[in-house]
Amino acid sequence: MKRNLWMPAIAVGLSVAVLAGALGLRNVVVPSAACPPDLAGKVTCYTGHDAGGYYMMAVPENWNRSLVVYSHGGPDAELDEESVAEDLAEWSVMVEQGYAWAGSSYRRGGYGVRMAAEDTESVRKRFTDRFGQPDRTYLHGQSWGGNVAAKAAETYPDSFDGLLLTSGNVAGGTRAYNHRVDLRAVYQYYCNALPRTPQWQVPLTLEELNAGLQACTGIDSSTRTPGQQRNLDDILAVTGLSAESLPTHLAYAAFLFQDIVWNRLDGRSPFSNEGVEYHGSHDDAALNAGVERYTADPTAVRDLSYDSDLTGRIAIPVLTLHAIGDPSVFVESQHAFKATLTAAGHGGNLVQTFTTEEEHNELNSAGYAAAIAALDGWVRTGVTPTPQTVADSCPECPFDPAFTPGPLESRIAPRAGGTVWPAMSAAQESEWSTLPRVGIAG
0 MKRNLWMPAI
10 AVGLSVAVLA
20 GALGLRNVVV
30 PSAACPPDLA
40 GKVTCYTGHD
50 AGGYYMMAVP
60 ENWNRSLVVY
70 SHGGPDAELD
80 EESVAEDLAE
90 WSVMVEQGYA
100 WAGSSYRRGG
110 YGVRMAAEDT
120 ESVRKRFTDR
130 FGQPDRTYLH
140 GQSWGGNVAA
150 KAAETYPDSF
160 DGLLLTSGNV
170 AGGTRAYNHR
180 VDLRAVYQYY
190 CNALPRTPQW
200 QVPLTLEELN
210 AGLQACTGID
220 SSTRTPGQQR
230 NLDDILAVTG
240 LSAESLPTHL
250 AYAAFLFQDI
260 VWNRLDGRSP
270 FSNEGVEYHG
280 SHDDAALNAG
290 VERYTADPTA
300 VRDLSYDSDL
310 TGRIAIPVLT
320 LHAIGDPSVF
330 VESQHAFKAT
340 LTAAGHGGNL
350 VQTFTTEEEH
360 NELNSAGYAA
370 AIAALDGWVR
380 TGVTPTPQTV
390 ADSCPECPFD
400 PAFTPGPLES
410 RIAPRAGGTV
420 WPAMSAAQES
430 EWSTLPRVGI
440 AG
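Quick note on numbering: the sequence shown equals residues 0 to 441 in numbering that gives the first Met the number 0.
Below is the structure:
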């Protein structure tokens, strides 16, 4: 999506003057930007670039004096100037409900939860500097951005009034990706299509990665050889993934892991499948005897944990929305998140809602509107919603207020010590924060 940043000088002056009067705008220069087409005429948009990356802000004509600060998912492989406009277009439901909106691209591509949380806080400050303090500020994280937003809520406890997590990857980096570690090992056993050394490096393009998957499993073919069919059946049965989601998970298991290990942790790997017993193939004994075993570097685990794992110290209202059939971030991660907040004494701040959908992105837009409305009502009135009241507020939405997710370890084989939450205690975080060069650099 290309953004046209040019506006006639008179029009720019008028838009700034109107907003200055209506919003009490401070005496600052505000660069205007073209809004996404669906919001044209309804919203005034602003964009720019600073140390926190590219940013976009939007103020609707009917602004309700509340702000939604957005943490996007991914992480993106590279810094993309156009991503912020695309994020606003994707979440136009928020400004259509009367909320101002602000989002950051983050300062760079690649993994880094604390970095992205800092850039999320930065765009909130930039909005406040330009438009004054909103009546309420809500933090919204989607997918990996759920991890970012939850980390931001822990790190900047006075900045936000409420937290909305949609399809959130909220189990933390040291545990949430273990199913992709298992996929990497099982795929390699059956397909032998990835280099073994240096471990976790992938000198392939995405097209070459997908070509190897196709050659091994015939995943994109209507007919397959018996060997391809057996490979595909075994990989899906052992990992519990769907055929539709397999290419995406494999791409993350290749390129995201390469980024974490080689770009962020200097070649140290935080990933392990030691002790994991794989089940569901046509020959489990042969699989477990022959599958590659990965050993984690303890310092890499520490650094990834410090960067991405949550302590549960979130003292503001938190509402989550997650599809039961989410093929990318398993719904069981919500069980881990609840256990994390409960262990930290903040379980009472959490309301979790679930829908019967089978998507990760682009759920029913009315459901998103119902979720932010429920969070807003909670913050304004102090009355805690329930899954049932949220469902009742949107009869057309596919909410299932009776659903309760199972433990994460029922979906992803745990590693040693991986069933106790939080994955990083507040004491660990405090101790590690005193170490030089701990975590992942921004």
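Don't be surprised by glycine CBs; every beta carbon is placed ideally from N, CA and C.
- In the DSSP assignment, residue 190 falls within the alpha helix (DSSP H) that extends over 177-190.
- Within its own chain, the residues whose Cβ lies closer than 8 Å to the Cβ of residue 135, once the five positions on either side in sequence are excluded, are 64, 65, 66, 160, 161, 375, 378 and 379, listed in chain order.
- Of the candidates 151, 430, 165 and 345, the residue whose Cα lies closest to the Cα of residue 356 is 165.
- Between residue 103 and residue 172, the CB-CB gap reaches or exceeds 8 Å.
- Between residue 349 and the set 364, 373 and 316, the nearest pair of CA atoms involves 316.
- Straight-line spacing of the CA atoms in residue 340 and residue 421 works out to 8 Å.
- Per DSSP, residue 382 lies in no alpha helix (DSSP H) segment and is marked neither H nor E.
- A Cβ-Cβ separation of about 15 Å leaves residue 114 out of contact with residue 304 under the 8 Å criterion.
- In this structure, the straight-line span from the alpha carbon of residue 283 to that of residue 276 is close to 9 Å.
- Unbroken alpha helix (DSSP H) stretches of 4 residues or longer found wholly inside the region 210-268: 225-238 and 245-250, given in chain order.
- The alpha-carbon of residue 228 is positioned some 17 Å away from that of residue 182.
- Of all C-beta pairs linking the region 327-340 to the region 256-276, fewer than three are shorter than 8 Å, placing the two stretches out of contact.
- Under the three-state reduction of DSSP output, residue 404 falls in the coil class, being neither helix nor strand.
- In terms of CA proximity to residue 152, 112 leads the group 112, 132, 188 and 184.
- In its chain, beyond the 5 residues on either side, 236 and 237 have a beta carbon closer than 6 Å to the beta carbon of residue 279.
- If the five residues before and after residue 199 are omitted, its C-beta is found closer than 7 Å to the C-beta atoms of 256, 257, 260, 261 and 268, all from its own chain and listed in chain order.
- Going by beta carbons, residue 331 and residue 429 fall outside the 8 Å limit.
- Under DSSP, residue 137 takes part in a beta bridge, and its partners are 67 and 161.
- Between residue 38 and residue 91 the beta-carbon gap is near 5 Å, inside 8 Å, which marks them as a contact.
- Cβ contact annotation for residue 324 (same chain, cutoff 7 Å, sequence separation greater than five): 356 and 357, in chain order.
- According to DSSP, residue 351 shares a beta bridge with 319.
- Straight-line measurement puts the Cα of residue 364 at about 20 Å from the Cα of residue 329.
- Residue 158 and residue 202 have their alpha carbons spaced roughly 42 Å apart.
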